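*Asks:* To start, I am sharing the structure in question, which I have written as structure tokens.
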Amino acid sequence: MSKFRQLSLLALAPLSALVFMPPLHAATAPMPPPFEGVYQPQGVDEIGWWREDDEDERALLNSPVLIHDEKLNNYVTDVLCRTVGYDRCSATRVYIIREPVFNASMTMNGTMRVFSGLLLRTRNEAELASVLAHEFGHFERRHGLQRFKGLRSGSDVAAWASVLAGVSMNYGAHRSMHGLNYQIYGSYFRFSRDDEREADLLGLGYLNSSDLRPHAAAEVWENLMGEATASASIKGLKKPNFGRVAFFASHPGNQERANYLSALALPDGAGRDDGADRYREALADWMPIFLDDQVKLNDFGASEYIIESLAQNGWTAELWFARGELYRNRGHPRDLVNAAEFYREAAFADPDLADAYRGLGLSLMKAGKRSEGQGALRRYLELNPDASDAKMIRMMAPELEVSE
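Shown next as structure tokens:
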């Protein structure tokens, strides 16, 4: 057996421990494993990693993007605990980060980070629970440590292969080295995708065992595909191929995830509550802020898809206002007409929403309807006389002169 063949087998051996073939032939996702008590790090590698995570958590506590709203934090934590169990949940700390992207993560030491973009896109407790339980599955299976060990072993083998190829005068040795590198890193990302599948099914197993509707797990990925399609369409791009998995992809394709999560959801759970009303109530104060952050990303198609998705349960003043901001910021002449109508809808739904009159006034003035626009801006100042932009608005809409 050649040295490169031996190196190839050596590289794949540590990674093989990560292989997980989800039981897609099963009727439902497997039940969560028995709780074995609060875990403590084992070995030099894991203890060292936990120390680094502890330092990162200390820095996170002072981050300007950390949301300190106790009520919101307690709510998100409770959704996690109700899903995975309060005994397991005691080992975690949940932090909400104001970042308008769909993401959540969990570190080795039990720190869970939940991004505001995730809270904006999930429409109920069940959808949120599926993502939180997925991240907890990574934590419970120690995927981070396994990936680290696998990558380190593969990198060591690749380094030795480079040395051997460097001292060899054989062209075949150099070609074998490049092939080995692709094999090592391709295997790493493939096993990373298997970790994601395992975490998906662990999360779904928790959801199947909870009082929430498990089919919501698949709907998360269906909505993300809808958002990506809408974004690409407005940009004039081709519809994304959600079934394609790139060589270096660390996650399965969205279509694959939606398919097996739908197939393995507990059939009897389809009629369960998804907690939509509780979710809207808990997010009510923050939803306008999260919507504003999303609109400022300048991704028209994605933002409109999200707004319309949230409006499936009924249009609110905040949603009408966000849609008005979206159209006004794009600024085509036809957009200004639409924006003015959306602002009117927002003001009708909430006559005290000062910013709706501001947006309406600016849209009308930009569209050439100066008098009507000034009237809306004056109404804005009546409702919010101490606005930060009050001086500028007064210059645009001076007070009407009173005739004697």
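If you count by my numbering, then the sequence shown holds residues 732 to 1135, one letter each, in order. From the three backbone atoms N, C-alpha and C, an ideal C-beta is built for every residue, glycine too. These numbers come from a predicted model, not from an experiment.
Over what stretch of residues does the beta strand (DSSP E) that includes residue 846 continue unbroken?
*Replies:* Element bounds for residue 846: 842–846.
*Asks:* Can you name the start and end residues of the alpha helix (DSSP H) that residue 1040 belongs to?
*Replies:* Run containing residue 1040: 1031–1041, per the alpha helix (DSSP H) assignment.
*Asks:* In this structure, how does DSSP classify residue 770 when only helix, strand and coil are distinguished?
*Replies:* Residue state, collapsed to three classes: coil.
*Asks:* Who are the Cβ neighbours of residue 1037 in its own chain at under 7 Å, not counting the five residues just before and after it?
*Replies:* Hits under 7 Å: 851, 852, 958, 1025.
*Asks:* Do you know offhand how far residue 1112's Cα is from residue 1103's?
*Replies:* Cα to Cα, residue 1112 sits roughly 15 Å from residue 1103.
*Asks:* Looking at the structure shown, is residue 839 part of a helix, part of a strand, or coil, going by DSSP?
*Replies:* Three-state DSSP puts residue 839 in coil, outside helix and strand.
*Asks:* Using only the alpha-carbon positions, how far apart do residue 1089 and residue 1107 sit?
*Replies:* Computed Cα separation, rounded: 7 Å.
*Asks:* Measuring straight from C-alpha to C-alpha, what distance separates residue 1056 and residue 969?
*Replies:* For residue 1056 and residue 969, the distance between alpha carbons rounds to 27 Å.
*Asks:* Take the Cβ of residue 1123 as the centre, count every other Cβ of all protein chains shown within 10 Å, and call the residue buried at 16 or more, exposed below.
*Replies:* Per the 10 Å Cβ criterion, exposed.
*Asks:* Would you tell me roughly how many angstroms separate the C-alpha atoms of residue 817 and residue 1097, rounded to the nearest one?
*Replies:* Roughly 55 Å between the two C-alpha positions.
*Asks:* Taking the straight line between their C-alpha atoms, what separation do you get for residue 838 and residue 864?
*Replies:* C-alpha separation (whole angstroms): 14 Å.
*Asks:* Answer yes or no: do residue 941 and residue 842 have a C-beta to C-beta separation smaller than 7 Å?
*Replies:* It is not a contact, given that the beta carbons lie outside the stated cut-off.
*Asks:* Within this structure, are the beta carbons of residue 949 and residue 1014 separated by less than 7 Å?
*Replies:* No, the pair does not count as a contact, with Cβ atoms beyond the cut-off.
*Asks:* Is the number of C-beta pairs between the region 927–936 and the region 982–992 that are closer than 8 Å three or more?
*Replies:* The answer is yes - the region 982–992 touches the region 927–936, with three or more Cβ pairs under 8 Å.
*Asks:* Between which two residues does the beta strand (DSSP E) holding residue 824 run?
*Replies:* Its beta strand (DSSP E) spans residues 824–828.
*Asks:* Using DSSP with H/G/I as helix, E/B as strand and the rest coil, what is residue 1122?
*Replies:* Of the three classes helix, strand and coil, the one that applies to residue 1122 here is helix, per DSSP.
*Asks:* By the three-class DSSP mapping on this structure, what secondary structure does residue 797 have?
*Replies:* Strand.
*Asks:* Exposed or buried, residue 933, counting other C-beta atoms within 10 Å across all chains shown (16 or more means buried)?
*Replies:* Flag for residue 933 reads buried.
*Asks:* DSSP on residue 1110, reduced to helix/strand/coil?
*Replies:* Correct three-state label for residue 1110: helix.
*Asks:* In three-state DSSP terms, what is residue 1063?
*Replies:* Correct three-state label for residue 1063: coil.
*Asks:* Looking at the unbroken alpha helix (DSSP H) that takes in residue 988, where does it start and where does it end?
*Replies:* Unbroken alpha helix (DSSP H) run through residue 988: 985–994.
*Asks:* Leaving out five residues before and five after residue 787 in sequence, what residues of the same chain have Cβ atoms less than 8 Å from its Cβ?
*Replies:* Within the same chain, residue 787 has close Cβ partners 838, 842.
*Asks:* Have a look at residue 973 and residue 1126 and give me their C-alpha separation to the nearest angstrom.
*Replies:* Their Cα atoms are separated by approximately 51 Å.
*Asks:* Give the DSSP-derived three-state secondary structure of residue 1002 in the structure shown.
*Replies:* Three-state result, residue 1002: coil.
*Asks:* At what residues does the alpha helix (DSSP H) containing residue 952 begin and finish?
*Replies:* Per DSSP, residue 952 belongs to the alpha helix (DSSP H) from 947–965.
*Asks:* Would you kindly report the start and end of the unbroken alpha helix (DSSP H) that includes residue 1019?
*Replies:* Its alpha helix (DSSP H) spans residues 1018–1026.
*Asks:* Between residue 1128 and the rest of its own chain, which residues show a CB-CB distance below 6 Å, the 5 nearest in sequence each way excluded?
*Replies:* Here the set comprises 1105, 1108, 1109.
*Asks:* When you compare the CB positions of residue 807 and residue 796, do they come within less than 7 Å of one another, or not?
*Replies:* Taking 7 Å as the Cβ cut-off, residue 807 and residue 796 do not qualify as a contacting pair.
*Asks:* If I measure Cβ to Cβ from residue 982 and keep anything under 7 Å in the same chain, skipping five residues before and after, which residues do I get?
*Replies:* 924, 927.
*Asks:* Using a 10 Å radius around the Cβ and a threshold of 16 neighbouring Cβ atoms, would you call residue 1054 buried or exposed?
*Replies:* So residue 1054 ends up on the buried side.
*Asks:* Quick one, are the C-beta atoms of residue 1070 and residue 1059 less than 7 Å apart?
*Replies:* Result yes, Cβ atoms of residue 1070 and residue 1059 sit closer than 7 Å.
*Asks:* For residue 1023, which of 810, 848, 780 has the nearest alpha-carbon?
*Replies:* Of 810, 848, 780, the residue nearest in Cα terms is 848.
*Asks:* What residue from 776, 819, 858 has the CA that sits closest to residue 1136's CA?
*Replies:* The shown model of the chain, from 732 to 1135, leaves out residue 1136, and the question about it has no answer.
*Asks:* Output needed for residue 1074: all residues of its chain with C-beta closer than 6 Å, excluding positions within five of it in sequence on either side, in chain order.
*Replies:* Here the set comprises 1055, 1087, 1090, 1091.
*Asks:* When DSSP labels each residue in this structure, what does residue 1051 get in the three-state scheme?
*Replies:* Three-state result, residue 1051: helix.
*Asks:* Can you name the start and end residues of the alpha helix (DSSP H) that residue 973 belongs to?
*Replies:* Here residue 973 belongs to no alpha helix (DSSP H), and DSSP marks it neither H nor E.
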